[in-house]
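Notes follow once the structure below has been shown.
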């Protein structure tokens with residue numbers, strides 16, 4: 011035979027599981043903000059890199075794009091793309107060091 015008090019006790023236990031303090035909420039919001047800031051910084055860095063690569067005459071494609079797009083240069087130009095990356099990275103290092 012079930013007790014009449016069994017249902018309210020089960021609800022009280024369930025409520026205790028989902029309780030959290032204001033400190034926990036603030037820590038969670040701060041952690042989410044830091045994560046979001048890191049992701050935004052990565053996106054801005056990528057946007058700047060793509061802009062510089064295109065300014066140097068290179069091409070960029072992303073993982074979600076079709077692999078064999080007609081706008082993409084032939085595979086023989088892969089060496090040229092590597093050369094553009096090296097030029098971009100060396101130019102970026104020089105600008106960071108004020109050279």
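Residue numbers (my numbering): 11 to 109. Heads up, the beta-carbon is just placed ideally off N, CA and C, and yes, glycines get one too.
Q) At which residues does the alpha helix (DSSP H) containing residue 71 begin and terminate? A) From DSSP, residue 71 is part of no alpha helix (DSSP H); its letter is neither H nor E.
Host alpha helix (DSSP H) of residue 64 (start-end): Start and end: 32 to 65.
ask   = Under 8 Å between the Cβ atoms of residue 66 and residue 97?
value = Contact flag set, yes.
Can you give me the C-alpha to C-alpha distance between residue 49 and residue 23, rounded to a whole angstrom?
Straight across, the Cα-Cα distance linking residue 49 with residue 23 is about 38 Å.
Q.
Relative to the C-alpha of residue 110, which candidate in 73, 58, 69 and 70 has its C-alpha closest?
A. With the chain covering 11 to 109 only, the question about residue 110 has no answer from this structure.
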